[in-house]
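Contents: one structure, followed by commentary.
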Amino acid sequence: TQLLEQSPQFLSIQEGENLTVYCNSSSVFSSLQWYRQEPGEGPVLLVTVVTGGEVKKLKRLTFQFGDARKDSSLHITAAQPGDTGLYLCAGGDFGNEKLTFGTGTRLTIIP
Amino acid sequence: NAGVTQTPKFQVLKTGQSMTLQCAQDMNHEYMSWYRQDPGMGLRLIHYSVGAGITDQGEVPNGYNVSRSTTEDFPLRLLSAAPSQTSVYFCASSYAPTGLGGNTIYFGEGSWLTVV
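Top to bottom, those sequences are chains A and B.
In terms of our numbering, the first sequence is residues 1 to 111.
In terms of our numbering, the second sequence is residues 1001 to 1116.
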């Protein structure tokens, strides 16, 4: 069974600070996705990374896929209250329809 | 602009009752799946389908049944509800396999189920 551990589980920081969320596994994934989920809604896809070492930027969010394709990180610069939510990573596997989700990081940005 | 629609939004069941969670998508996606979300455990795959008439089990299939008679609909049936099935259920759909880079998976808004 593939597992994805996210850390930290909870994070509460002041507006304007920087933060990094981690997603780690002992398994190799063909792709890694990051989602944000707000209360009462389903997850919304932020980004997909597919190449080891790949870095993608989405405004103030920077996503990186580890060289060995076992881990990923999400870095947020100058956090804003609108960044508050549950962040989920999810690993994909070619030839297997089973997307494996991480345990989630609940982020709160304090104005 | 419906996307993925789930009904009902909230449901309370008694132990032993059965019910069906409905899921419909209007994007002509072949791939559909059901997840449950529990605190501290992320989302876990229950069942999935790669097209009409084709379904398969995910990580936690026990106590649930699915069928896919049309491309649009993918209902999830609870056969005999148990308190352990209290959870939030999400239906999802995509045009390509979930592991494929560049593929966007669309989720419904969720169905909150409580079994007492």
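Heads up, the beta-carbon is just placed ideally off N, CA and C, and yes, glycines get one too.
Taking the alpha-carbon positions, what's the T108 of chain A to Q80 of chain A distance?
9 angstroms
Backbone secondary structure at S26 of chain A - three-state DSSP:
coil
The region 1003-1017 of chain B / the region 49-69 of chain A touching (three or more Cβ pairs under 8 angstroms):
Not touching, per the Cβ criterion.
Using the Cα positions of L1045 of chain B and V1115 of chain B, report the straight-line distance between them to the nearest angstrom.
20 angstroms
Inter-residue spacing [alpha-carbon to alpha-carbon] between Q6 of chain A and E15 of chain A
Approximately 22 angstroms, taken between the alpha carbons.
Endpoints, the beta strand (DSSP E) within which E1030 of chain B is located:
Run containing E1030 of chain B: none; DSSP gives neither H nor E here.
Between B:R1036, B:D1073, B:E1059, which lies nearest to N1028 of chain B when the distance is taken from Cα to Cα?
Residue B:D1073 is the option with its Cα nearest to N1028 of chain B.
Which of the three DSSP states is assigned to D1056 of chain B in this structure?
strand
Whole-angstrom distance between G92 of chain A and T51 of chain A, CA atom to CA atom:
12 angstroms
Within the 7 angstroms Cβ cut-off, does T980 of chain B reach chain A?
There is simply no residue 980 of chain B to check, as chain B begins at 1001 and stops at 1116 in what is shown.
Residues in the same chain with beta-carbon distance under 7 angstroms from P8 of chain A, minus the five sequence neighbours each way, listed in chain order, please.
T105
Which residues does DSSP pair with F63 of chain A in a beta bridge?
A:K56, A:L74
Decide if K57 of chain A is buried, meaning its Cβ has at least 16 other Cβ atoms within 10 Å, or exposed.
exposed
Specify the secondary structure class of Q1085 of chain B as computed by DSSP and reduced to three states.
helix
Return the chain-ordered list of same chain residues with a C-beta closer than 8 angstroms to the C-beta of T103 of chain A, the five sequence neighbours on each side being excluded.
L4, E5, Q6, Q9
Could you list which residues in chain A have their beta carbon closer than 9 angstroms to that of I1105 of chain B, in chain order?
Q33, Y35, P43, L45, A90, L99
Are the CB atoms of L1078 of chain B and S1018 of chain B within a distance shorter than 7 angstroms?
By the CB criterion at 7 angstroms, S1018 of chain B and L1078 of chain B fall inside the cutoff.
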